């Protein structure tokens with residue numbers, strides 16, 4: 001049966017039950033000590049010409065280093081900073097940078113290679129064998145150490161004056177506390193950043209400090225122009241990068257804006273897109289948007305990168321850090337990548353003047369998970 | 375004068391007056407009205423020439439009336455409808471060699487070889503623009519990088535464009551084989567048109583989002599970055615820490631390993 005199988009697949013087919021060699025325990029009782037390998041003399045040891053050549057090589061390397069230093073100093077003073085030079089394989093670059101870099105490399109490598117080459121070719125080439133001895137000290141030496149220590153202890157009077165011993169121990173023991181307390185204290189419940197992480201500027205204003213402001217409807221502002229957006233400005237296929245009203249400073253003067261601007265921006269960033277309402281699969285997404293205009297948090301739920309890569313035909317929203325992909329037609333659910341939760345949606349509507357405003361703050365904390373998050 | 379005064383009650387007088395008024399208003403309007411920012415003027419001739427070129431080169435995918443073509447297989451569109459995309463879209467897609475596309479794929483790549491002359495592209499643009507209004511080709515002045523504010527353009531670019539196109543405009547990957555192309559070497563007019571029309575998967579940045587001034591500032595920024603000298607030599611594609619890290623790992627560590635091997639070898 002087996003033979004038939006093997007012929008069927010050709011004579012060269014490998015079988016698992018073939019090719020094993022049974023051992024017979026042919027290991028000798030003792031191995032002979034092979035000894036040290038024979039010493040091979042170097043060229044410099046064998047002939048005076050060889051030694052002379054090695055000497056010339058070392059001298060050349062050290063001279064190269066000297067020339068490098070001279071070239072470095074010369075190019076430091078002579079080559080203007082705005083001069084450029086074309087180097088094949090690298091391209092156009094600053095002539096001063098190129099000259100300083102190359103000459104400094106010659107300076108350092110000349111010394112290093114010269115010293116190593118000198119040591120390898122000309123310095124004594126003796127092979128030394130150091131035998132291994134027992135590590136234990138003699139009994140007399142051990143006794144002497146014990147005597148020295150006890151005598152020293154007596155002389156320091158630590159045994160006669162115990163308060164010194166106790167206070168020293170206490171001081172050393174307590175010294176650990178300043179290191180341990182802040183580490184453990186950072187995990188204490190009253191220091192929890194949960195409130196601060198759960199709030200954004202959309203909750204009604206400054207959220208750093210963790211006290212919830214009262215909600216007010218805020219206009220959606222273009223980032224970084226800081227101008228309000230009308231619903232009719234948002235054409236199908238366009239994408240707006242949005243910050244809440246009052247967060248950004250004036251683009252030209254840099255004045256105004258929130259107090260803790262970077263912290264607030266990192267949490268409040270929103271992406272505004274308009275889809276054909278028929279393309280939207282989620283009723284909640286349609287209800288929280290305005291005529292197909294939807295606003296989603298720009299902060300990835302994985303580790304908090306800005307999710308800004310919107311593809312207007314596929315409606316995929318891609319995070320550049322770890323390729324998490326969100327489906328904008330289906331409430332920004334994750335369709336690929338390491339993110340676990342959908343992006344939170346910001347409910348929006350329009351105010352009396354036709355500008356887009358927030359209807360409510362985010363219903364859940366934005367961004368990545370944290371310890372106390374449900 | 376007398377003859378005119380005598381006929382002022384003629385029944386035709388009112389009609390003539392209205393005609394004169396209309397002609398005057400029209401002439402005045404034509405003189406002071408803001409001109410659309412276009413490079414050439416569309417005439418019936420160019421539209422007809424464009425239609426001919428369109429039928430010969432584009433209609434096989436986009437349909438004989440630019441209405442778009444669907445394949446029989448579900449909802450797969452062979453070519454999208456071009457009604458309302460405007461002359462700017464045609465100028466961008468054909469002027470950068472993306473269209474006509476040689477093979478269907480996830481994305482039409484930019485080509486060095488442009489298959490049509492400026493005049494032919496303009497004629498096809500006129501034909502497309504004659505179907506429905508759409509964004510027009512911007513004027514020379516609207517895309518002049520020397521008139522823009524590169525610093526302001528930089529802050530606009532970093533928020534609106536850099537996540538796909540990289541902070542130095544070097545481009546980057548998108549999902550499933552699509553990518554944001556490098557912006558280096560693209561002429562200002564095409565950059566403007568891309569923002570205005572949103573080709574392929576790029577979102578649209580209409581004038582209601584990024585105004586004409588904003589767009590010119592962004593062009594000024596891109597041209598500044600492109601022409602910036604690189605005193606440190608190789609930019610490694612301006613791709614940032616990944617390319618630079620790989621370079622250091624391969625070349626710097628390789629050199630160190632070679633030195634270590636040499637140190638450990640016996641001299642001959």
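Chains as they are written, first to last, in the working numbering: chain A, 1 to 374; chain B, 375 to 642. Cβ atoms here follow ideal geometry from the backbone N, Cα and C, with glycine treated the same way. All of these numbers come straight from a predicted model, not from anything done at the bench.
- Does residue 507(B) have its Cβ less than 9 Å from a Cβ in chain A? Residue 507(B) sits at position 133 when you count from the first residue of the second chain. Output row for residue 507(B): interface = no.
- Message: Whole angstroms are fine: how far does the CA of residue 119(A) sit from the CA of residue 50(A)?
- Response: For the purposes of this step, residue 50(A) is taken as the residue at position 50 of the first chain. For the purposes of this step, residue 119(A) is taken as the residue at position 119 of the first chain. Spanning the two alpha carbons is a distance of roughly 15 Å.
- Item | Range covered by the alpha helix (DSSP H) that runs through residue 266(A) | Locating residue 266(A) in the first chain gives position 266, counting from the first residue. Unbroken alpha helix (DSSP H) run through residue 266(A): 261-268.
- Taking residue 468(B) and residue 502(B) to be in contact with their CB atoms under 8 Å, please state how far apart those CB atoms are, rounded to whole angstroms. Within the second chain, the letter at position 94 stands for residue 468(B). Within the second chain, the letter at position 128 stands for residue 502(B). So it is not a contact: roughly 10 Å between Cβ atoms.
- Could you work out which residue in 353(A), 341(A) and 350(A) is closest to residue 369(A) when comparing CA atoms only? As a first step, residue 369(A) must be located in the first chain, where it is residue number 369. For residue 369(A), the nearest C-alpha among the options comes from 341(A).
- Message: If contacts are defined as beta-carbon pairs under 8 Å, then residue 272(A) and residue 295(A) qualify, I think. What distance do you get, rounded to the angstrom?
- Response: Here residue 272(A) corresponds to residue number 272 of the first chain, with the count starting at 1. Here residue 295(A) corresponds to residue number 295 of the first chain, with the count starting at 1. Going by Cβ atoms, the distance from residue 272(A) to residue 295(A) rounds to 5 Å, so yes, they are a contact pair.
- Item | Whether residue 111(A) touches residue 72(A) by CB criterion (9 Å) | One-based indexing of the first chain puts residue 111(A) at position 111. One-based indexing of the first chain puts residue 72(A) at position 72. No, the pair does not count as a contact, with Cβ atoms beyond the cut-off.
- For residue 555(B), decide whether its Cβ has a neighbour in chain A, counting only Cβ atoms nearer than 9 Å. Counted from its first residue, the second chain places residue 555(B) at position 181. By this cut-off, residue 555(B) is not an interface position.
- List the residues of chain B that residue 312(A) touches, going by C-beta distances under 9 Å, in chain order. The residue given as residue 312(A) occupies position 312 in the first chain. Under the 9 Å cutoff, chain B gives 572, 574, 575, 576, 577 and 578.
- Message: Please report the distance separating the alpha-carbon of residue 466(B) from that of residue 505(B).
- Response: To locate residue 466(B), count along the second chain from 1; it is residue 92. To locate residue 505(B), count along the second chain from 1; it is residue 131. Using only the alpha carbons, I get a separation of about 18 Å.
- Collapsed DSSP secondary structure at residue 564(B) in the structure displayed: Numbered from 1 along the second chain, position 190 holds the residue referred to as residue 564(B). Correct three-state label for residue 564(B): helix.
- Query: With 9 Å set as the bound, which would you pick, yes or no: does the beta-carbon of residue 411(B) sit closer than that to a beta-carbon of chain A?
  - Reply: Taking the first residue of the second chain as position 1, residue 411(B) is located at position 37. A caution first: residue 411(B) carries a pLDDT of 48, below 50, which makes its placement in the model unreliable, though a value can still be read off. So no, residue 411(B) is outside the interface.
- Message: For residue 286(A), which residues in the same chain have their Cβ closer than 7 Å to its Cβ, ignoring the five residues on either side in sequence?
- Response: In the first chain, counting from the first residue as 1, residue 286(A) sits at position 286. Taken in chain order, the residues that qualify are 277 and 280.
- Answer with yes or no whether the minimum CB distance from residue 606(B) to chain A is below 9 Å. For the purposes of this step, residue 606(B) is taken as the residue at position 232 of the second chain. So, interface residue.
- Message: What does DSSP give as the partner residue(s) for residue 238(A) in the beta ladder?
- Response: Working through the first chain from its first residue, we reach residue 238(A) at position 238. 578(B), per the DSSP bridge assignment.
- Message: Applying the 10 Å Cβ sphere with the 16-neighbour rule, what's the burial state of residue 436(B)?
- Response: Indexing the second chain from 1 puts residue 436(B) at position 62. Buried.
- Item | is_contact[residue 636(B), chain A] using C-beta, thresh 9 Å | On the second chain, position 262 is the one that residue 636(B) refers to. Closer than 9 Å to some Cβ of chain A, the Cβ of residue 636(B) qualifies, so yes.
- Item | Nearest-angstrom Cα separation, counted from residue 578(B) out to residue 514(B) | For this step, residue 514(B) is matched to residue 140 along the second chain. For this step, residue 578(B) is matched to residue 204 along the second chain. Distance between the alpha carbons of residue 514(B) and residue 578(B) is about 21 Å.
- Give, in chain order, every unbroken run of the beta strand (DSSP E) that is at least 3 residues long and sits entirely within the stretch 439-525 of chain B. 451-453
- Message: So that I know if they touch, is there some Cβ in chain B lying closer than 9 Å to that of residue 88(A)?
- Response: Taking the first residue of the first chain as 1, we reach residue 88(A) at position 88. Not closer than 9 Å to any Cβ of chain B, the Cβ of residue 88(A) fails to qualify, so no.
- Message: Can you tell me whether residue 489(B) is buried or exposed? The criterion is at least 16 other CB atoms within 10 Å of its CB, across all chains shown.
- Response: Looking up residue 489(B) in the second chain gives position 115. Residue 489(B) is exposed by the Cβ-count criterion.
- Query: residue 120(A) touches chain B at which residues, Cβ-Cβ below 7 Å?
  - Reply: Numbered from its first residue, the first chain carries residue 120(A) at position 120. Those within 7 Å of residue 120(A) in chain B are 641.
- chain A beta carbons: is any one of them nearer than 9 Å to that of residue 603(B)? Taking the second chain and counting its residues from 1, the one referred to as residue 603(B) is at position 229. It does: the Cβ of residue 603(B) has a partner Cβ on chain A nearer than 9 Å.
- Starting from residue 651(B), find everything on chain A with Cβ-Cβ shorter than 7 Å and list it in chain order. No statement about residue 651(B) is possible, as the shown extent of chain B runs from 375 to 642 and does not include it.
- Meets three-Cβ-pair contact criterion under 8 Å: the stretch 578-587 of chain B and the stretch 219-238 of chain A: yes
- Query: In terms of residues, what are the limits of the alpha helix (DSSP H) holding residue 327(A)?
  - Reply: Numbered from its first residue, the first chain carries residue 327(A) at position 327. Per DSSP, residue 327(A) belongs to no alpha helix (DSSP H); it is in the beta strand (DSSP E), 325-327.
- Query: Using the beta-carbon of each residue, which ones in chain B are nearer than 8 Å to residue 103(A)?
  - Reply: Reading the first chain from its first residue, position 103 is the one you call residue 103(A). Within 8 Å Cβ-Cβ: nothing; residue 103(A) doesn't reach chain B, min ~16 Å.
- Indicate whether at least one CB of chain A lies closer than 9 Å to the CB of residue 529(B). Stepping through the second chain from its first residue, residue 529(B) is reached at position 155. It does: the Cβ of residue 529(B) has a partner Cβ on chain A nearer than 9 Å.
- Below 9 Å between beta carbons: does that hold for residue 254(A) and residue 247(A)? Here the question's residue 254(A) lines up with position 254 in the first chain. Here the question's residue 247(A) lines up with position 247 in the first chain. No; because the gap between Cβ atoms is not below 9 Å, this pair is not in contact.
- Run through DSSP, which three-state label would residue 411(B) get? Translated into the one-based positions of the second chain, residue 411(B) becomes position 37. Bear in mind that a pLDDT of 48 at residue 411(B), under 50, signals an unreliable position, so the number given afterwards is only what the model happens to contain. Note: residue 411(B) maps to coil in three-state DSSP.
- Item | Residues that residue 53(A) contacts on chain B, provided the C-beta gap is smaller than 9 Å | As a first step, residue 53(A) is located in the first chain; it is residue number 53 there, counting from the start. Per Cβ cutoff of 9 Å: no residues; residue 53(A) is ~11 Å from chain B at best.
- Item | residue 338(A) (DSSP reduced to helix, strand or coil) | The residue given as residue 338(A) occupies position 338 in the first chain. Residue 338(A): coil per DSSP, three-state reduction.
- Task: Could you pull out every residue in the same chain whose Cβ sits closer than 7 Å to the Cβ of residue 522(B), ignoring the five residues on either side in sequence?
- Result: Here residue 522(B) refers to the residue found at position 148 when the second chain is read from its first residue. Cβ within range, chain order: 590, 591, 593 and 594.
- Query: How is the beta strand (DSSP E) around residue 91(A) delimited, first residue to last?
  - Reply: Stepping through the first chain from its first residue, residue 91(A) is reached at position 91. Run containing residue 91(A): 91-94, per the beta strand (DSSP E) assignment.
- Message: I'd like to know if residue 546(B) contacts chain A, where contact means its C-beta is closer than 9 Å to some C-beta of that chain.
- Response: Counting from one through the second chain, the residue named residue 546(B) turns up at place 172. Chain A contact via Cβ: present.
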